[in-house]
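Here the structure is laid out as C-alpha cells; the discussion comes afterwards.
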Amino acid sequence: MPNGTGEPKRIRFIRDHEKIAAGEVIERPASVVKELVENSIDAGATEITIIIKNYGKELIQVIDNGCGINPDDVEFAFAEHTSSKIECADDLNNLYTLGFRGEALHSISAISKIELITKQNNSDMGLKFKIEGGENVSAEHVGCLVGTNIKVKDLFYNTPVRYKFLKTDRVEMGHITDIITRLVLAYPKIHFKLVHNDIPIINSPSTDRYQNVIFDLYGKKVVKNLIEFEYKDNEMKIWGYLGDPSLSRSTTLSSSLFVNGRYVVSPLVKNAMETAYKGYIMVKKHPFYILFLKLNPSTVDFNIHPTKKVIRFENSTEFLKKLTRILKIKVNEKFGKLKTESRIKEPNSISEYKIGKILESEDDNKLQKVAERQKSSVEDTTNVDKHDMIVKSKKSKPEIGAPKAFDIKLDQIYPGLNGRSKTISEKENPSKLRNLARQSNWIETHDVFPKFRIPNQTSQLNQVYFVLEGIDGFYLLDMHAAHERINYERVLRNFKDRGIKKQTLLIPIKFDVSVNEVEFVKELCPKLSKFGFEVDSLGGSTFIIRTVPANFKKSSDPTFIRDLCLEIISKGKQTSIEEEYDSILKLTACRMSIKAGEEIDNPETVIKLIQDLAKCKNPHHCCHGRPTMLYFDYKEIEKMFHRT
263 MPNGTGEPKR
273 IRFIRDHEKI
283 AAGEVIERPA
293 SVVKELVENS
303 IDAGATEITI
313 IIKNYGKELI
323 QVIDNGCGIN
333 PDDVEFAFAE
343 HTSSKIECAD
353 DLNNLYTLGF
363 RGEALHSISA
373 ISKIELITKQ
383 NNSDMGLKFK
393 IEGGENVSAE
403 HVGCLVGTNI
413 KVKDLFYNTP
423 VRYKFLKTDR
433 VEMGHITDII
443 TRLVLAYPKI
453 HFKLVHNDIP
463 IINSPSTDRY
473 QNVIFDLYGK
483 KVVKNLIEFE
493 YKDNEMKIWG
503 YLGDPSLSRS
513 TTLSSSLFVN
523 GRYVVSPLVK
533 NAMETAYKGY
543 IMVKKHPFYI
553 LFLKLNPSTV
563 DFNIHPTKKV
573 IRFENSTEFL
583 KKLTRILKIK
593 VNEKFGKLKT
603 ESRIKEPNSI
613 SEYKIGKILE
623 SEDDNKLQKV
633 AERQKSSVED
643 TTNVDKHDMI
653 VKSKKSKPEI
663 GAPKAFDIKL
673 DQIYPGLNGR
683 SKTISEKENP
693 SKLRNLARQS
703 NWIETHDVFP
713 KFRIPNQTSQ
723 LNQVYFVLEG
733 IDGFYLLDMH
743 AAHERINYER
753 VLRNFKDRGI
763 KKQTLLIPIK
773 FDVSVNEVEF
783 VKELCPKLSK
793 FGFEVDSLGG
803 STFIIRTVPA
813 NFKKSSDPTF
823 IRDLCLEIIS
833 KGKQTSIEEE
843 YDSILKLTAC
853 RMSIKAGEEI
863 DNPETVIKLI
873 QDLAKCKNPH
883 HCCHGRPTML
893 YFDYKEIEKM
903 FHRT
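In the working numbering, the protein residues as written are 263 to 906.
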C-alpha cells in the first residue's frame with residue numbers, strides 16, 4: 263500500500279506498537295466501510311465504489327483503482343499491528359494517512375468472511391485471497407484490474423451477541439451514508455459511488471468545483487447560502503465554507519470539520535465557531551459550516567480514541583483563542599458587523615440601566631439614538647436555561663429605553679437580595695389570599711397560585727413576560743413556558759387516551775435534508791405519524807408533509823420536522839423509544855405554543871393562560887424544566903429603594 267501518495271510500500275510489523283494500539287473493535291457495518299474506504303484513499307485511488315447488501319449485514323464490497331497490495335504481503339496484511347503507513351510510533355509526528363495502527367483488517371477478518379482480489383501495476387496477475395473468522399482459507403493467482411476489490415460477507419456471523427445489538431436497518435444504513443458523505447466532502451477529486459441493494463445512493467464524480475459536491479450532498483438551498491473563505495499563516499491553513507445564519511440548525515450533525523484530511527469532532531472548534539456566530543443565530547441553534555484545517559502533524563494527536571474521530575491540539579488554549587479570533591473576523595466580514603455588540607454588559611450600579619420611561623428627560627435625544635443602535639431582529643440572550651430566544655415582532659415599535667432581556671438576576675444587582683425572586687412553587691400561599699377567591703377582580707386559580715388581580719390591560723415586557731399584580735408582590739409570567747406546559751400535558755393526554763387528531767394540509771409541504779440524514783428521517787416517519795405528522799419520502803433527499811396535529815400553529819413550517827428528526831438523531835444510541843416519543847411530544851408542544859416576540863394585547867388571553875396553567879399537573883415548570891413564573895416581594899423591592 264502507499265503512504266497516501268499512490269506509491270506502493272511494503273507492509274511491515276509496527277515496532278513499539280503497544281504505544282499506539284487501541285484494541286479496535288468493529289461495532290457496526292459503518293465501521294467496516296470507514297476502514298476499507300480509508301485504505302482505498304491511502305492507496306491513492308481516484309475511483310472508489312462501495313456496494314452494500316442488506317444494510318451491510320450480508321455484503322460490504324469496496325472496489326478501488328489504487329496501487330494494490332504486493333502479493334507477498336496480502337496474508338501479512340491481516341495480521342495484527344502490521345501496516346504500510348508507519349514503521350514505529352514516532353512516525354505519527356509526520357502522519358498524512360488516514361490509517362496507521364494496523365488493526366482494522368485483523369479485527370474485520372475475525373468476525374466475517376473476506377474475499378480480497380488485488381493487483382499492482384507492475385504485476386501480470388493479481389491475487390485472490392480468502393480468510394474466514396481469522397483463519398486463512400485459500401490464495402490463488404487470478405486475472406484482474408489494477409487496484410483492490412475486497413468483499414466482507416456475513417458480518418458478525420460468529421459473534422451473535424454483537425449482531426443482536428445492531429440498530430434498525432435504516433439507522434445502520436444511515437451511519438454508512440454519513441461516513442461516505444464526510445469522505446466525499448474531504449476528497450472531492452475522488453469519484454465516489456455508494457450503492458445499496460442495487461440502488462444508487464451517492465454518485466459524486468471527481469470535480470475541481472467544490473460547489474458541485476455540496477450541491478450533490480446538501481442541495482441548491484445550501485449552496486446558495488454558503489460563503490467561501492480562506493486564511494493561512496506560518497502555523498496553519500484554514501479554508502472552507504461558512505453558512506448563512508438562515509442555515510442554522512438544531513444540531514451540529516450537518517456541519518463538518520476536517521483536520522489534515524480526516525473528518526473529526528472537536529468541542530474546541532465547535533466552541534470557536536459558535537462564539538464567532540454569536541448574535542447572528544438564535545440560541546440553541548448551531549451554524550452550518552464545512553471547515554478544513556491543515557496543521558503540522560506533530561501538533562495534532564489523532565491517537566486518543568479508537569475511531570480516530572476525536573483529536574487533541576497542542577497548546578489547545580492558545581489554539582482556541584487564535585481560531586476564535588480568525589473565525590470572528592471572517593463571520594463579521596461575510597455577514598455584516600453586529601449592531602448589538604454592546605447590548606449587554608454587567609452593570610456596576612443600577613444607573614447603568616435605562617428602565618422604561620422613568621428616565622425620559624432632557625436626555626431623550628441621546629436615548630433615542632441608543633435605542634436605534636439597539637434595534638435588531640434578534641435579541642441577544644445568553645442564559646439558555648432561563649429564556650428562549652427573544653424575537654421581536656415586526657409590527658412592534660421599540661420604545662425609548664425599553665427594558666431588555668438581561669442574563670442577570672436581581673440578586674446580582676443587589677447582593678443583599680439573595681434568593682428573593684422565587685418560582686411560585688417555592689412560595690407558600692398566604693392563608694389570607696384564600697378568602698379573596700370570591701372577589702370578582704381576582705383571577706381564580708383554585709389555590710394553585712396566589713391570586714392575581716385581573717389586568718385592565720396587558721403589561722407585556724420585552725414581548726415575552728407578563729407582569730401580574732398580587733397582594734404582597736408581583737409576578738412575572740413567561741408566556742411561552744406557560745403555554746408550552748399547557749400544550750405538553752394536552753398532547754401527552756391525547757396521545758395516551760385516544761391518539762392525536764390530524765389535520766390534512768390543503769397544500770402539502772416539501773422539505774429537503776442532506777444525503778446523510780435521509781435514512782434517519784425515513785426511520786422516524788412511522789413514529790411521527792403517531793403524533794399527527796404524516797411524512798413521506800419523494801425519493802432522493804426530498805420529503806413531503808401531508809398532515810399535522812390539529813391546532814398546530816406552524817402548519818406551514820417544514821423546518822419543524824427536520825429539526826425534530828435531527829434532535830432525536832443527535833441523541834444517538836442512548837435514545838430509547840420512550841425518549842424518542844417524549845422528544846416528539848415536547849417539540850410538538852413547543853411549536854404549538856405562543857412564541858417570544860408575539861405581541862399580546864388582549865387581557866382575556868392572559869387570564870385564560872393562567873387558568874389553564876393552574877389545571878396542569880406541573881404548572882410551575884415548562885416541559886424543559888424552566889420556571890413558568892417568578893415572584894418578587896414588595897417588601898424586598900421597597901428595601902431596594904430604601905423605603906424601609
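Virtual Cβ for every residue (Gly too), placed ideally from N, Cα, C.
**Study point:** Integer Cβ distance of PHE454 from ILE442, believed to fall under 8 Å
**Key:** With 8 Å as the limit, PHE454 and ILE442 qualify as a contact, their Cβ atoms being about 6 Å apart.
Review point. Would you say LYS877 faces chain C, with C-beta separation under 7 Å as the test?
Key: Annotation note: the requested chain C is absent from the structure, which comprises a single protein chain.
Review point. Which whole runs of the alpha helix (DSSP H) in the region 507–595 are 4 residues long or more, in chain order?
Key: For the region 507–595, whole alpha helix (DSSP H) runs of length 4 or above, ordered along the chain, are 529–538.
Point to revise | VAL527 to LEU519 span [Cα, whole Å] | key: Rounded to whole angstroms, VAL527 to LEU519 spans 7 Å at the Cα level.
Point to revise | Nearest neighbour of TYR907, chosen from LYS494, ASP470, THR469, ILE464 [CA to CA] | key: Coverage of the chain is limited to positions 263 through 906, which leaves residue 907 absent and any answer about it impossible.
Point to revise | ILE872 beta carbon less than 7 Å from that of MET741 | key: no
Exercise for review: Using three-state DSSP, classify LYS271 as helix, strand or coil.
Suggested key: coil
Check your understanding: Can you pull the DSSP bridge partners for LEU492?
Key -> One point to set straight first is that residue 492 is Glu, not Leu, in the sequence displayed. Looking at the DSSP assignment, GLU492 forms a beta bridge with TRP501.
Point to revise | Distance, PHE757 Cα to ALA851 Cα | key: C-alpha separation (whole angstroms): 12 Å.
Review point. According to DSSP, which residues form a beta bridge with ASN398?
Key: ILE393
Review point. Taking Cβ positions, are VAL404 and GLY388 nearer each other than 7 Å?
Key: yes
Check your understanding: Are the region 743–762 and the region 772–784 touching by the rule of at least three beta carbon pairs closer than 8 Å?
Key -> no
Review point. Under 7 Å, do VAL475 and PRO507 count as touching if we go by C-beta distance?
Key: no
Exercise for review: Would you list the residues sitting across from ASP774 in a DSSP beta bridge?
Suggested key: THR804
Review point. With a CB to CB cut of under 8 Å and the five nearest residues on each side skipped, what residues in its chain are close to TYR896?
Key: ASP734, GLY735, PHE736, listed in sequence order.
Check your understanding: Which whole-angstrom value is the C-beta distance of SER512 and GLU829, which I expect to be below 8 Å?
Key -> 5 Å
Review point. How is PHE338 classed by DSSP in three states: helix, strand or coil?
Key: helix
Exercise for review: Quick one: grab the DSSP three-state call for TYR419.
Suggested key: DSSP, reduced to helix, strand and coil, places TYR419 outside both helices and strands of the structure shown, so it counts as coil.
Review point. Between VAL793 and ARG824, which are expected to be in contact by the criterion C-beta below 8 Å, what is the C-beta distance as a whole number of angstroms?
Key: It is Phe, not Val, that sits at residue 793 in the sequence shown. Going by Cβ atoms, the distance from PHE793 to ARG824 rounds to 15 Å, so no, they are not a contact pair.
Review point. Can you tell me the Cα-Cα spacing of ILE807 and PHE477, whole angstroms?
Key: 23 Å
Practice item. May I ask which residues mark the beginning and end of the beta strand (DSSP E) holding ASN332? Key: Element bounds for ASN332: n/a, residue is neither H nor E.
Exercise for review: Report yes if the C-beta distance between LYS592 and PHE491 is below 7 Å; otherwise report no.
Suggested key: yes
Review point. Between the C-alpha atoms of PRO865 and PHE805, what's the straight-line distance to the nearest angstrom?
Key: 41 Å
Practice item. Please classify ASN332: is it buried, with 16 or more other beta-carbons within 10 angstroms of its beta-carbon, or exposed? Key: buried
Check your understanding: How is VAL299 classed by DSSP in three states: helix, strand or coil?
Key -> helix
Review point. Would you call the CB atoms of VAL408 and ASN383 closer than 7 Å?
Key: yes
Review point. What separation, rounded to the nearest whole angstrom, lies between the Cα atoms of GLY318 and ASP495?
Key: 43 Å
Point to revise | Contact under 7 Å by Cβ, SER374 with GLY396 | key: no
Exercise for review: Tell me whether ARG853 is buried or exposed, calling it buried when 16 or more other Cβ atoms sit within 10 Å of its Cβ.
Suggested key: buried
**Study point:** As assigned by DSSP and simplified to three states, the class of ASN411
**Key:** strand
Point to revise | Three-state secondary structure assigned by DSSP to GLN630 | key: Bear in mind that a pLDDT of 44 at GLN630, under 50, signals an unreliable position, so the model cannot answer this.
Check your understanding: Alpha carbon to alpha carbon, how far is ALA812 from ASP470?
Key -> Near 49 Å, if we compare the C-alpha coordinates of ASP470 and ALA812.
Exercise for review: Determine the closest residue to PHE340 out of GLU898, LEU298, ILE588, CYS827, with distance taken between C-alpha atoms.
Suggested key: LEU298
Practice item. Give the single residue among GLU320, ALA305, VAL324, ASP304 whose Cα lies nearest to the Cα of ILE313. Key: VAL324
Check your understanding: Just the Cα atoms here: how many angstroms apart are TRP501 and HIS882?
Key -> TRP501 and HIS882: Cα-Cα distance of roughly 48 Å.
Review point. Does the beta-carbon distance from LEU360 to ASP304 come in below 7 Å?
Key: yes
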